[in-house]
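Remarks on the structure that follows.
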Amino acid sequence: MAALKYKEEHNKVGYLLKPTGSDDYHQIIDFLSESHIMYALTSNPIIFDFLVKQFWSTATIRESELGPPAILATIDKTPYTITEALVRSRLQLADDGGVVNLPIL
1 MAALKYKEEH
11 NKVGYLLKPT
21 GSDDYHQIID
31 FLSESHIMYA
41 LTSNPIIFDF
51 LVKQFWSTAT
61 IRESELGPPA
71 ILATIDKTPY
81 TITEALVRSR
91 LQLADDGGVV
101 NLPIL
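Counted from 1, the sequence shown has number 32 at position 32 by the numbering used here; the numbering is strictly sequential.
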């Protein structure tokens with residue numbers, strides 16, 4: 001598998017403010033603001049570039065035969081295991097069981 005590369009343009013935060021002069025987007029902004037992914041879109045944590053680069057330079061994938069799929073990486077000699085459950089928890093994706101009802105207006 002090819003090495004994972006760090007992209008400078010990633011890790012952007014979403015601004016869920018209704019734009020003036022563009023009423024067509026208000027319904028989309030309302031939907032995202034009430035969505036279970038709002039925190040994940042708008043959280044703006046301090047991210048240290050050198051730690052992200054260190055993480056991705058050591059990252060490997062644990063295949064599903066060995067347990068739940070995960071990203072294994074080391075930062076400052078400390079090993080980390082990133083699973084889907086951990087990501088869902090940290091991003092506050094309170095969607096246990098997935099999206100059941102998606103209203104179409």
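Yeah, the Cβ is synthetic: ideal placement off N, Cα and C, and Gly gets one too.
Residue i: buried (16+ other C-beta within 10 angstroms of its C-beta) or exposed?
i, result
"residue 85", "exposed"
In angstroms with no decimal places, state the Cα-to-Cα distance between residue i and residue j.
i, j, result
"residue 109", "residue 20", "There is no way to answer for residue 109, as the model of the chain reaches only from 1 to 105."
"residue 50", "residue 42", "22 Å"
"residue 26", "residue 16", "9 Å"
"residue 56", "residue 74", "9 Å"
"residue 64", "residue 83", "11 Å"
"residue 37", "residue 79", "28 Å"
"residue 66", "residue 89", "22 Å"
Every unbroken beta strand (DSSP E) inside the region 20-99 [3 residues or more]: 60-62, 70-75 and 78-83
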